[in-house]
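Participant: One structure follows; several queries about it will come next.
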Amino acid sequence: MISTLAITIVAAAACSFGMRGLARRYSLVADPNPIVPQHREPVPYLGGLGVAGGILCGLLFSGYWPSSAILVGAVGMLAIGLIDDLAPLEPKTKLLAQSLVTLFSIGLGLGLPLTGYFLIDHAIIFLLVIVWVNAVNLTDVCDGLVSSLVFISMLGLSAIDNFSSPLPLIVGSACLGFLIFNWPPASMYLGDSGSNFLGFLLAALTLEGLARTGSPGASLGIVACSSVFIFEFVFLFLVRLSKGIPWWRGSPDHFSLRMQAGPFTRTNTILLSGLAGIACAGAGWLASRAPSPLSFAILALLPAAALLVSRWLLRWPVDAPNGDPR
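Numbering (the working numbering), first residue to last: 37 to 362.
Written out as structure tokens, the structure is:
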């Protein structure tokens with residue numbers, strides 16, 4: 037397994053290097069975004085293809101292949117994001133495309149019995165996947181943030197599931213390889229191709245982990261591994277709602293941008309967010325090993341902490357220029 041992960045890291049770095057060169061040659065770059073203070077110069081896209089290339093090499097070397105539902109869904113989300121990077125889609129069009137890919141993946145078997153009612157179960161799975169994909173996409177406004185957090189989430193999922201599947205570790209390793217170019221100051225971005233792709237994989241592997249767990253504590257622990265992304269989605273939704281802004285419309289209210297409007301640098305923001313991700317994944321792991329009453333008590337700390345962090349973030353005012361609808 038160690039050799040597989042090492043090859044994945046090297047392959048992701050090599051693929052990202054190649055994609056960065058291709059993006060520069062054909063001017064496939066993200067123009068400066070007024071919402072993101074550190075984004076002052078054009079930065080190449082196509083990081084998602086670099087991560088995908090690393091994952092593909094890791095799968096080929098390991099001989100492990102995920103289900104057709106995960107493969108088709110991941111490739112579909114990668115393609116939607118790539119189209120959006122090259123020719124930006126309207127939010128409604130992108131959401132419709134994401135919905136079609138999600139429904140197709142569910143039709144191929146993505147999901148698990150939650151209530152025992154076919155339509156209700158599939159509706160819940162559909163909403164969960166759409167939320168996960170867009171939560172990761174919304175979080176991707178700071179150099180190195182999403183790739184770092186996905187690595188931590190994948191490590192947590194794998195640990196809770198007793199390392200029964202190599203795929204989370206392969207995905208996490210690919211994120212590490214890409215992080216070489218994405219660490220601040222980033223010389224390459226994931227783009228929507230990368231955030232959609234990784235968001236779908238995080239959702240799918242969360243569902244796979246839930247299908248294998250045998251206790252409520254373990255199930256909640258698996259979800260806890262994505263807590264930082266869930267926090268971003270809920271926090272943005274509520275703040276934009278309070279301002280009368282549609283949740284998909286760009287505003288600088290992302291937690292990472294608010295931190296940088298305060299006393300934190302990009303690197304500080306990534307490190308603190310990473311520590312939060314480790315704490316959430318660690319709480320999830322402890323909850324998966326603890327008796328049910330104790331596991332619920334451990335995980336009850338997470339929403340309480342989220343409330344305190346929300347109040348803390350709102351201390352720093354942010355401007356609201358017109359920008360990328362993210």
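C-beta: ideal position from N, C-alpha, C; glycine also.
Remember, predicted model here, so these are calculated numbers, not experimental data.
Considering Ser-183, what are the terminal residues of the alpha helix (DSSP H) in which it resides?
Facilitator: 181-196 is the extent of the alpha helix (DSSP H) around Ser-183.
Participant: Could you spell out where the alpha helix (DSSP H) holding Pro-329 opens and where it closes?
Facilitator: Note, Pro-329: alpha helix (DSSP H), 328-349.
Participant: Start and end of the alpha helix (DSSP H) containing Met-37?
Facilitator: Note, Met-37: premise wrong, no alpha helix (DSSP H); not H, not E.
Participant: Using the Cβ count rule (16 or more neighbours within 10 Å means buried), how would you classify Pro-204?
Facilitator: Its Cβ being crowded by 16 or more others within 10 Å, Pro-204 is buried.
Participant: With which residues is Arg-80 paired in a DSSP beta bridge?
Facilitator: Note on residue identity: the sequence assigns Pro, not Arg, to residue 80. DSSP output for Pro-80 lists Val-65 as bridge partner(s).
Participant: Do Ser-63 and Gly-83 have their CB atoms nearer than 8 Å?
Facilitator: Contact flag unset, no.
Participant: What separation, rounded to the nearest whole angstrom, lies between the Cα atoms of Arg-294 and Gly-89?
Facilitator: Near 33 Å, if we compare the C-alpha coordinates of Gly-89 and Arg-294.
Participant: Taking all protein chains shown into account, decide if Gly-363 is buried (16 or more other Cβ within 10 angstroms of its Cβ) or exposed.
Facilitator: For the chain, the structure presents residues 37 to 362; residue 363 sits outside this window and is missing.
Participant: Which word fits Ile-161, buried or exposed, when buried means at least 16 other C-beta atoms lie within 10 angstroms of its C-beta?
Facilitator: Ile-161 should be labelled buried.
Participant: Specify the secondary structure class of Arg-302 as computed by DSSP and reduced to three states.
Facilitator: Looking at Arg-302 - three-state DSSP - the assignment turns out to be helix.
Participant: Enumerate in chain order the residues of its own chain whose CB-to-CB distance from Gly-313 is below 7 Å, with the five nearest sequence positions on each side excluded.
Facilitator: Excluding positions up to five away in sequence, the list reads Leu-185, Ile-188, Ser-189 and Val-264.
Participant: Going by C-alpha to C-alpha distance, which of Thr-249, Val-354, Gly-230 and Glu-126 sits closest to Met-113?
Facilitator: Cα-wise, what sits closest to Met-113 is Gly-230.
Participant: Cα separation between Leu-164 and Leu-155?
Facilitator: Taking the straight line joining both Cα atoms gives about 14 Å.
Participant: Indicate the three-state DSSP secondary structure (helix, strand or coil) for Val-172 in the structure shown.
Facilitator: It is helical.
Participant: In chain order, what residues of the same chain lie with their CB nearer than 6 Å to the CB of Leu-349, ignoring the 5 residues before and after it?
Facilitator: Result list for Leu-349: Phe-291 and Arg-294, in chain order.
Participant: Is it right to say Ala-59 is buried, meaning 16 or more other beta carbons lie within 10 angstroms of its own, or is it exposed?
Facilitator: It counts as buried.
Participant: Starting from the C-beta of Leu-122, find all residues in its chain whose C-beta is less than 6 Å away, skip the five residues before and the five after it, and write them out in chain order.
Facilitator: Nothing meets the Cβ criterion.
Participant: How should Tyr-100 be labelled, buried or exposed, when 16 other C-beta atoms within 10 angstroms of its C-beta is the threshold for buried?
Facilitator: Tyr-100 should be labelled exposed.
Participant: Is Pro-357 helix, strand or coil when you go by DSSP?
Facilitator: The pLDDT assigned to Pro-357 is 49, lower than 50, so where the model puts this residue is not dependable; a value taken from the coordinates is nonetheless given after this. In this structure, Pro-357 counts as coil in the three-state DSSP scheme.
Participant: Identify, in the order they occur along the chain, each residue of the same chain with its Cβ nearer than 6 Å to the Cβ of Ile-306, setting aside the five sequence neighbours on each side.
Facilitator: The residues are Gly-180, Leu-181 and Ser-184.
Participant: Starting from Leu-139, follow the alpha helix (DSSP H) in both directions and report where the run begins and ends.
Facilitator: First-last of the alpha helix (DSSP H) with Leu-139: 127-143.
Participant: Within the same chain, show all residues whose beta-carbon is closer than 6 Å to that of Leu-344, passing over the 5 residues directly before and after it, in chain order.
Facilitator: Within the same chain, Leu-344 has no close Cβ partners at all.
Participant: State the CB to CB distance for the pair Ser-331 and Gly-253, rounded to an integer number of angstroms; the pair is presumed to be in contact (CB under 8 Å).
Facilitator: So it is a contact: roughly 3 Å between Cβ atoms.
Participant: Taking C-beta to C-beta, are Cys-261 and Val-87 nearer than 8 Å?
Facilitator: The answer is no: Cβ separation not under 8 Å.
Participant: Output the boundary residues of the alpha helix (DSSP H) element that contains Gly-245.
Facilitator: Residues 227-248.
Participant: Using the three-state DSSP reduction, which class does Thr-151 fall into: helix, strand or coil?
Facilitator: Three-state result, Thr-151: coil.
Participant: For the alpha helix (DSSP H) containing Leu-212, name the first residue and the last one.
Facilitator: Taken as a continuous stretch (DSSP letters only), the alpha helix (DSSP H) holding Leu-212 covers 203-218.
Participant: Roughly how many angstroms lie between the CA atoms of Ser-104 and Leu-237, to the nearest whole one?
Facilitator: Their backbone Cα atoms lie some 13 Å apart in a straight line.
Participant: Please classify Gly-320: does DSSP put it in a helix, a strand, or coil?
Facilitator: Gly-320 falls in the helix class under three-state DSSP.
Participant: In whole angstroms, what separates the C-alpha of Thr-303 from that of Gly-152?
Facilitator: Spanning the two alpha carbons is a distance of roughly 46 Å.
Participant: Under 8 Å Cβ to Cβ from Leu-335, same chain only, skipping five residues before and after it: list those, please.
Facilitator: These residues qualify, in order along the chain: Gly-253, Leu-256, Gly-257, Ala-260, Ala-319, Gly-320 and Ala-323.
Participant: Taking only three categories from DSSP, how would you classify Leu-146?
Facilitator: Note: Leu-146 maps to coil in three-state DSSP.
Participant: Excluding sequence positions up to five away, which residues of its chain have a Cβ less than 7 Å from the Cβ of Thr-289?
Facilitator: Correcting the residue identity first, residue 289 is Asp in this sequence and not Thr. Result list for Asp-289: Leu-272, Val-275, Arg-276 and Val-354, in chain order.
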